[in-house]
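Trainee: First the structure, then my questions, so here it is.
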Amino acid sequence: MLYCNYCPGYCCYRLPGATLLLHAADINRLARHFGISDGEVRQRFLEHKNTFKVKADGSCIFQATDRMVRRCTVHEARPDQCRRFPYGESCPYLEREDLLAAIQPRVEEALRRGKMLPADPETQPPDKWLSGGCAKMRHDGRNRNS
Numbered sequence: 111m112l113y114c115n116y117c118p119g120y121c122c123y124r125l126p127g128a129t130l131l132l133h134a135a136d137i138n139r140l141a142r143h144f145g146i147s148d149g150e151v152r153q154r155f156l157e158h159k160n161t162f163k164v165k166a167d168g169s170c171i172f173q174a175t176d177r178m179v180r181r182c183t184v185h186e187a188r189p190d191q192c193r194r195f196p197y198g199e200s201c202p203y204l205e206r207e208d209l210l211a212a213i214q215p216r217v218e219e220a221l222r223r224g225k226m227l228p229a230d231p232e233t234q235p236p237d238k239w240l241s242g243g244c245a246k247m248r249h250d251g252r253n254r255n256s
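So this is what it looks like as structure tokens:
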């Protein structure tokens, strides 16, 4: 089981060479979620033919942007590829140094600007998330796959 409550949302960032491919069923699920047509979903939320637009920082347009925990704002309607992540492997947040290295500067900058807080600010204050803190914290007993 993944303990996603402690995740900084790394999987919701577009990384070089990574693409979230949406299928017709994914688009239809989002359309039902928003009460709009499939065409309107494509117009408002997609770039190209089958991938979400991203924000300036590279994060998914549906990742929460308030000062609370980063969460998917369309979790119930998220695409199949998001539902299956991390594809039977360990979560990259917990295990992949290359992913941590790619995303860590973005997370640190967002924390400095006060744009986001750690998943559990009471037990994981922001100073622990800065300067590589995410990588250092990934193996605490609560964040392991079981």
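Here the sequence shown is numbered in the working numbering, starting from 111 and rising by one per residue. Every residue, glycine too, gets a C-beta built ideally from N, C-alpha and C.
Taking the beta carbon of residue 169 as the centre, do at least 16 other beta carbons fall within 10 Å, making it buried, or is it exposed?
Mentor: The count along the sequence shown starts at 1 and reaches residue 169 at position 59. So residue 169 ends up on the buried side.
Trainee: Identify every run of the alpha helix (DSSP H) within the segment 147-199, keeping only runs that are complete inside it and at least 4 residues long; order them along the chain.
Mentor: Counting only runs of 4 or more, we get 148-155 and 190-194.
Trainee: My assumption, with CB atoms under 8 Å, is that residue 119 sits in contact with residue 191. Please give the rounded CB distance.
Mentor: As a position in the sequence shown, residue 119 is number 9, starting the count at 1. As a position in the sequence shown, residue 191 is number 81, starting the count at 1. About 16 Å; that fails the 8 Å criterion.
Trainee: Which residue wins for smallest C-alpha separation from residue 155, given the options 145, 137 and 193?
Mentor: Your numbering for residue 155 matches position 45 in the sequence shown. Selected option, being the one with the closest Cα: 137.
Trainee: Within 10 Å of its beta-carbon, does residue 215 have 16 or more other beta-carbons around it, so buried, or fewer, so exposed?
Mentor: As a position in the sequence shown, residue 215 is number 105, starting the count at 1. Residue 215 should be labelled exposed.
Trainee: Is it the case that the Cβ atoms of residue 166 and residue 151 are separated by a distance below 8 Å?
Mentor: Counted from its first residue, the sequence shown places residue 166 at position 56. Counted from its first residue, the sequence shown places residue 151 at position 41. In this structure, residue 151 does not lie closer than 8 Å to residue 166 by Cβ.
Trainee: What residue range is occupied by the uninterrupted alpha helix (DSSP H) comprising residue 143?
Mentor: Here residue 143 refers to the residue found at position 33 of the sequence shown. Looking at the DSSP string, the run of the alpha helix (DSSP H) that includes residue 143 is 134-144.
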